[in-house]
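This report refers to the structure that appears directly beneath it.
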Amino acid sequence: MTASVLATPEAAERRQSFVAQTAAMSQRAVLALWRQPAIVIPSLVFPLFFAALGASAFARAIELPGFPPVRSFLDFALAGTIVQGILFGSLTGATALATDIENGFFDRLLASPTSRLSILLGRLAGGMVYGAFQTAFFIAVLVPFGLVVEAGIVGIAVMLIGGVLTALAVGALMSAMAIRTGSSEAVQGSFPLLFILLFFSSAFFPRETMTGVYARFADLNPMSYLIEGFRDLTVDGLTASAVARTLLISAGLAVVTMAIALRSLRRKLRAR
Amino acid sequence: MSAADNPPPIVAEDLVRHFGSGDELVRAVDGVDLTVHPGEIFGFLGPNGAGKSTTVRMLTTLLRPTGGSARVAGFDVVRQADQVRRNIGVALQDAAIDPLMTGAELLRLQAVLYGLPRGEHRPKAGELLDRVGLTAAADRRVGTYSGGMRRRLDLALSLIHEPSVLFLDEPTTGLDPMSRIALWEEIRRLNDGGTTVLLTTQYLEEADQLADRVAIIDQGVIVRQGKPTELKNEVGSPTLFVAVDHDKLDAARHLLAEMGELRPTAEGRLGVGLGEGAGAVPSVVRRLDDAGIVVHHLELKEPSLDDVFAEATGYRLEGADT
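Here the protein sequences line up with chains X and S, keeping their order. The numbers in our numbering rise by one with no breaks, and the one at position 101 of the first sequence is 103. The numbers in our numbering rise by one with no breaks, and the one at position 255 of the second sequence is 277.
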């Protein structure tokens with residue numbers, strides 16, 4: 003697309019309707035989450051359950067040799083809680099996308115002049131809104147129990163953006179799966195894989211305390227570095243490296259998974 | 023729009039769609055030619071799996087043809103798919119409506135997707151809800167709607183941008199008779215307003231009631247096309263249906279074959295075309311009686327689309343009343 007094409011009134015109109023369509027589709031995605039509390043609540047409760055379990059059962063784990071200095075296990079656990087919640091949450095959005103394909107709502111959209119991209123982006127934007135909500139929710143719930151975010155308000159803002167980008171990254175990957183398989187069961191069936199990815203990272207324990215294959219896997223797992231970004235914001239405060247890791251790793255992952263999702267969408271539309 | 027007014031709203035030329043390949047090749051649509059004139063209700067009639075839906079999916083840009091071409095609202099369905107989509111309304115039988123949203127929300131979403139100016143979303147949604155009689159249910163989730171209400175909402179959704187061509191894929195399948203008639207009336211009203219309608223159906227009566235012209239499709243090929251009255255006249259004579267004792271079936275069949283052309287009918291019955299019409303009934307009864315064959319049931323029927331269908335395909339549609 004050249005600049006001259008973009009300058010025509012028709013192109014301007016098209017761009018305007020693209021924005022409106024994406025906004026309307028993301029509104030629908032958020033509405034669907036709001037109206038299915040039974041599906042949404044686990045993605046808010048389970049991560050908190052893990053955090054609570056850790057904070058009581060592993061309270062003294064922070065005294066282990068090699069455990070980085072941290073005020074309480076709860077401060078340490080927040081990062082894992084946020085990323086875990088977002089993994090859960092993105093599954094809901096991708097499942098809804100697969101359900102749309104299964105039951106024909108997707109066809110209804112394709113038969114309309116809706117931008118194909120806005121169908122995908124709307125769904126992902128809904129997930130991003132939810133990712134921000136989850137991040138804020140976990141922090142808000144854990145603060146009364148003694149959570150302290152060293153990086154303060156600015157740090158929390160960085161975490162919110164990181165949460166949004168993480169939701170986009172995971173959501174796009176899961177959406178690619180939804181588009182390829184067109185099966186909500188296949189999407190939900192992939193959850194254990196996500197959980198393994200989380201388990202073989204520094205979500206629940208610091209890499210410093212790991213050994214052998216487990217440590218090597220966690221070292222290779224980008225999830226580790228993303229989680230440590232969130233964690234350093236909580237434990238160490240507003241450092242450049244913590245901000246960079248929180249934002250750049252999530253953004254980098256999002257770029258890669260978006261490319262995968264867009265390719266899946268193009269393929270699906272071509273294969274009609 | 024004036025350029026798009028002149029050409030026929032729907033033209034298909036040798037439209038082909040195959041699925042799979044090699045031994046698994048399915049010729050779902052195998053060379054369909056179709057012309058629908060402006061302001062017409064065109065009935066696309068055939069049993070399940072005949073190729074109706076596949077044809078409609080190609081005409082509505084959801085499927086790419088394997089061969090041939092089609093123009094809808096004056097635009098090519100492959101090369102100008104976006105223009106086609108802007109000018110058609112589509113209500114597909116197997117495209118679900120989001121059960122979590124309310125009727126009003128779905129209409130407003132549809133208004134955004136079809137690019138209606140912002141100020142028109144609410145009034146247009148309200149007008150359409152009123153039109154299909156869903157105003158009272160406007161703010162209820164679609165998940166709570168009955169089958170008939172969903173179809174009516176589906177129709178309203180397809181009308182949001184006042185399309186000139188409307189595709190209705192089996193709009194009344196699974197509806198109770200009352201809802202069916204209400205929907206027919208709405209389709210007629212739309213058509214009176216100038217909308218061209220292509221509707222697929224497996225109900226002969228529906229095609230007969232609504233359609234100005236019909237095409238009968240069987241195994242991916244159109245086997246008859248024309249006005250219902252013309253098609254019925256082509257079959258010509260009325261059919262006499264006879265039920266006799268099972269062991270006398272063969273004897274009766276021989277007898278009837280001498281009186282006219284045998285026609286397909288339900289199991290345990292016989293059908294014969296009577297060239298001379300009702301006047302031939304007494305002699306048929308007399309011949310059967312003379313042969314000692316007891317007639318349990320006797321019915322004379324003027325040619326119907328059912329007969330046209332049977333004559334064209336060699337079998338009758340399920341649920342046809344003979």
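For glycine and all other residues, C-beta sits at the position ideal for the given N, C-alpha and C.
Can you pull the DSSP bridge partners for phenylalanine 263 of chain S?
Answer by DSSP bridge pairing, in chain order: S:Gly293 and S:Glu321.
At a CB-CB cut-off below 7 Å, which residues of chain S make contact with alanine 180 of chain X?
Result: empty, since nearest Cβ-Cβ is about 16 Å, beyond 7 Å.
Taking a contact to mean a Cβ-Cβ separation below 8 Å, would you say isoleucine 84 of chain X touches phenylalanine 232 of chain X in this structure?
Their beta carbons are under 8 Å apart, which means isoleucine 84 of chain X touches phenylalanine 232 of chain X by this criterion.
Verify whether the separation of the beta carbon atoms of glycine 111 of chain S and leucine 181 of chain S is less than 8 Å.
In this structure, leucine 181 of chain S lies closer than 8 Å to glycine 111 of chain S by Cβ.
Tell me whether the beta-carbon of proline 49 of chain X lies closer than 8 Å to the beta-carbon of proline 208 of chain X.
Against a cut-off of 8 Å, the Cβ pair of proline 208 of chain X and proline 49 of chain X comes out as no contact.
Can you look up histidine 40 of chain S in the DSSP assignment and give me helix, strand or coil?
Of the three classes helix, strand and coil, the one that applies to histidine 40 of chain S here is strand, per DSSP.
Is the CB of proline 115 of chain X under 8 Å away from at least one CB in chain B?
Although the question refers to chain B, the structure presented lacks it and instead comprises the protein chains X and S.
Is DSSP giving threonine 183 of chain X helix, strand or coil here?
Three-state DSSP puts threonine 183 of chain X in a helix.
Identify the contact partners of glycine 106 of chain X in chain S, using a Cβ-Cβ distance below 7 Å as the criterion.
Near glycine 106 of chain X (Cβ distances below 7 Å), the residues of chain S are Leu114, Asp116, Ala117 and Ala118.
Answer yes or no: do leucine 37 of chain S and threonine 77 of chain S have a C-beta to C-beta separation smaller than 8 Å?
Yes, the pair counts as a contact, with Cβ atoms nearer than the cut-off.
For alanine 273 of chain X, does the count of other Cβ atoms within 10 angstroms reach 16, so buried, or fall short, so exposed?
With fewer than 16 Cβ atoms within 10 Å of its Cβ, alanine 273 of chain X is classed as exposed.
One question on the structure: do aspartate 240 of chain S and phenylalanine 64 of chain S come within less than 8 Å of each other, judged by their Cβ atoms?
No; because the gap between Cβ atoms is not below 8 Å, this pair is not in contact.
Counting contacts by CB-CB distance shorter than 8 Å, is leucine 123 of chain X in contact with chain S?
Not closer than 8 Å to any Cβ of chain S, the Cβ of leucine 123 of chain X fails to qualify, so no.
Please state whether DSSP places serine 326 of chain S in a helix, a strand or coil.
Coil, per DSSP.
For leucine 196 of chain X, would you say it is in contact with chain S, using Cβ-to-Cβ distances shorter than 8 Å as the test?
With 8 Å as the cut-off, leucine 196 of chain X does not count as an interface residue toward chain S.
Quick one: what's glutamine 247 of chain S bridged to in DSSP?
Paired residues: S:Ala237.
For histidine 59 of chain S and leucine 220 of chain S, I'd like the C-alpha separation in whole angstroms.
In a straight line, the C-alpha of histidine 59 of chain S is about 10 Å away from that of leucine 220 of chain S.
Note down, in chain order, all residues in the region 85 to 96 of chain S with a beta-carbon under 7 Å from any beta-carbon belonging to chain X.
Listed by position along the chain: Leu85 and Arg86.
Taking 8 Å as the threshold (beta carbon to beta carbon), is methionine 123 of chain S in contact with chain X?
Closer than 8 Å to some Cβ of chain X, the Cβ of methionine 123 of chain S qualifies, so yes.
Counting C-beta neighbours from all protein chains within 10 Å, is the total for arginine 218 of chain X 16 or more, i.e. buried, or is it exposed?
So arginine 218 of chain X counts as exposed.
Quick test of your reading: leucine 310 of chain S and valine 236 of chain S, contact by CB under 8 Å. State the CB separation rounded to the nearest angstrom.
Not a contact, Cβ separation roughly 35 Å.
Check whether the Cβ atoms of alanine 159 of chain S and histidine 143 of chain S sit closer than 8 Å, and answer yes or no.
Contact flag unset, no.
Name the chain X residues whose beta carbon is nearer than 7 Å to that of arginine 108 of chain S?
Neighbours of arginine 108 of chain S on chain X, chain order: Pro115.
Leaving out five residues on either side along the sequence, give the residues of the same chain with a beta carbon under 7 Å from the beta carbon of arginine 172 of chain S.
Only Ile119 and Val164 meet the Cβ criterion.
Over what stretch of residues does the beta strand (DSSP E) that includes threonine 222 of chain S continue unbroken?
From DSSP, the beta strand (DSSP E) with threonine 222 of chain S extends over 218 to 223.
Using a Cβ distance threshold of 8 Å, determine whether the region 314 to 333 of chain S contacts the region 264 to 274 of chain S, with at least three qualifying pairs required.
A contact exists between the region 314 to 333 of chain S and the region 264 to 274 of chain S.
Given a cut-off of 8 Å, decide if glycine 164 of chain X and leucine 240 of chain X are closer than it, judged by their beta-carbon atoms.
No, the pair does not count as a contact, with Cβ atoms beyond the cut-off.
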